[in-house]
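Under this note's numbering, the sequence shown is numbered contiguously, ending at residue 930.
This report concerns only the one structure given below.
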Amino acid sequence: VMEMGDYLKTVNEVTDYQLYVGTSAPFNFNGLVRHYYLRSSAHQADIQVNLAEKGHRKNQSHDIAKRVRPALKSIADRYHARVKMAEVPPGPPVLSTLVAEIYGPDYHRQKQIAADIMNIFKETPGVVDVDWYMEETQPRYKIEVDSEKAALHGISVARINRTLEMALKGQQAGLLHQPREKEDVPILMRLPLSARAGIQRLKLLKLASADGGLVPISTLINVLNIPVDQSIYHKNLMPVVYVIGDVAGVKESPVYAILEMKKKIDAIQLPEGYQITQHTANIPSSDRKYEMKWDGEWHITYEVFRDLGIAFAVVLVLIFVLVVGWFQSFSTPLVIMVAIPFSLIGILPAHWALGAFFSATSMIGFIAGAGIVVRNSIILVDFIELRLKEGMPLDLAVIDAGAVRFRPMMLTAAAVVVGASVILFDPIFQGLAISLMAGEVASLFFSRMTVPILYFLDKRWEFAHGNLTPSEKKWAE
């Protein structure tokens, strides 16, 4: 941890950092979800890193984390340690970016499958910080005092226990009174680390017997090697093994990593003769078979886009119903709403050009922009019908609408572009700005031409088949 801290001093964007060894650092909402507050063991440590203000650095925090990760990992590998970069999440905190939950009837077999999946994680390009929620097997020594041998040497069991406790844990020998300290400082007495590092070192301790001789403590105790119990996690009352990872590469969306690993996981051969069933949204209903569920940011992404897709479908239906009620036609709303997909012609290339991901905020911007582009189409159609009522021929009315109403449509697009530009470079709401700006501009130019043409073709077809209303027939004549 100290060596990592020394490296962080060399990073220009780092202003300061704090080291927490053997205890948990002050945790936020992300740490609450990831159980950082449970870190209280001597082999665990946190490094809280503070960066300079956004105006004083060129790179965002995510880019800085990607840059320092290889150096920190190389330091951890030298000490056979594991290090993870925990960034402030842009959305709801999750256990990790990539989470594979393994369920099954036999816990030992679950761990074997989880180990195979973890190897797939490590072999997948762009997947980093791979780990699992399984403690490594650690030995635990239980020291039992042989009371008969201790009695033969005139040494009490309590004395042997006190000696071992003082050697390992230490014993308070007194208090140190310092004038500048508000409270007394306890004086702890125990053996140096070199004398207590390992059970063999402790066996070298000697105690004075009743006759004054020194007796090795190894002759008075029995050492039992007992494995440490490992934690077993449960979800929905079923044992589960978590395999976690993060993404840091050219494709940083977890969807691409999942698609690449899905085929490799399907290729895992089970002795039972079936494949591991992979779930994307629902948790397995039982643990009778070995199954796996993808969780983490993917689950949040899936739920968000599913809900937004349903909301968008409802919005389209409501727009269609309202336009049908206003124009008293079932074909005219389709002509008006054709401007909505035209916005995608600008949204998708704009995301690619700016190197931004199509996120949930991008979807929100697409839905919000649908109402704006429909308004522009309504302006065109309403102006065409106004000209028809004045006696202008259909073809001239269509041409006139595209020419006259282009200015208010352009002013609307300009207002949207100017209003959304203030959040264009925000790391969270950038997708919203891109969707609003690019979608409005693309729809402006395409709908100006296509909506009048489609309206002309629709009315000409209706006139040819005699489906016009009496007033429309008068316009056509």
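Cβ coordinates follow ideal geometry from the N, Cα and C atoms, glycine included.
None of these values were measured; they are calculated from a predicted model.
Would you check if the distance between the CB atom of residue i and the CB atom of residue j is smaller than 8 Å?
i      : j      : result
PRO905 : GLY855 : yes
ALA886 : ILE800 : no
VAL696 : ILE555 : yes
ALA873 : LEU889 : yes
ILE670 : LYS659 : yes
VAL598 : VAL610 : yes
GLU744 : HIS732 : yes
SER467 : VAL502 : A small correction: the amino acid at residue 467 is Val; Ser does not occupy that position in the sequence shown. Their beta carbons are under 8 Å apart, which means VAL467 touches VAL502 by this criterion.
VAL676 : ARG593 : no
ILE832 : MET862 : yes
LEU628 : PRO639 : yes
VAL834 : VAL768 : no
VAL851 : PHE909 : yes
PHE480 : TYR470 : no
GLY884 : ALA809 : yes
ALA734 : TYR709 : no
TRP747 : ILE721 : no
Excluding sequence positions up to five away, which residues of its chain have a Cβ less than 7 Å from the Cβ of residue i?
i      : result
ILE798 : ALA895, PHE899
VAL583 : MET571, PHE574, LYS575, GLY698
LYS704 : GLY579
VAL757 : ALA813
ILE753 : GLY544, PRO545, VAL547
HIS630 : ASP637
ARG901 : GLY855, PHE859, MET862
VAL474 : VAL454, ALA498
SER857 : Ser is not the amino acid found at residue 857; the sequence shown has Val there. So the list reads PHE836, once near-sequence residues are dropped.
What are the residues that DSSP puts in a beta bridge with residue i?
i      : result
ARG593 : ILE679
GLY749 : LEU551
ILE697 : VAL552, ASP584
LYS688 : MET691
PRO639 : LEU628
VAL668 : LEU660
ASP932 : What the structure shows of the chain is the stretch from 454 to 930, and residue 932 is not part of that stretch, so it cannot be assessed.
LEU504 : VAL467
ILE674 : VAL598
DSSP three-state call for residue i: helix, strand or coil?
i      : result
HIS732 : strand
GLN625 : strand
HIS561 : helix
MET902 : helix
GLU744 : strand
PRO724 : coil
GLN471 : strand
ASP599 : coil
ILE608 : coil
HIS509 : helix
PRO794 : helix
ARG492 : coil
ALA524 : helix
GLN883 : helix
GLN653 : helix
THR577 : coil
HIS533 : coil
LEU889 : helix
SER514 : helix
PRO543 : coil
Report all residues from its chain with a CB closer than 6 Å to the CB of residue i; omit the five preceding and five following residues, and keep chain order.
i      : result
GLU750 : VAL547, THR550, PRO707
GLN728 : ASP719
LEU644 : ALA620
ALA478 : ASP499, GLN501
ASP530 : none
VAL870 : MET890
VAL668 : HIS606, LEU660, SER662
ILE517 : GLU466
ALA648 : ARG654
For residue i, is the beta carbon positioned less than 7 Å from some heavy atom of the ligand GTP?
i      : result
VAL767 : Summarising the ligand content, the structure contains no ligands, and the ligand GTP is consequently not present.
Can you name, in chain order, every residue of its own chain whose Cβ lies under 8 Å from the Cβ of residue i, other than the five neighbours on each side?
i      : result
ILE685 : TYR560, PRO692
ILE613 : VAL598, ALA603, LEU660, ILE670, LEU673, ILE674
LEU525 : MET457, TYR460, VAL536, MET538
GLU618 : GLN624
MET455 : LEU472
ILE679 : PRO592, ARG593, TYR594, LYS595
ASP848 : PHE909
SER600 : VAL610
Meets three-Cβ-pair contact criterion under 8 Å: the stretch 504-514 and the stretch 470-490: no
Three-pair Cβ contact test at 8 Å for the stretch 530-537 versus the stretch 709-720: no
Touching by the beta-carbon criterion (3+ pairs, under 8 Å), the stretch 724-743 and the stretch 782-799: no
The stretch 753-767 touching the stretch 556-569, judged by at least three CB pairs closer than 8 Å: no
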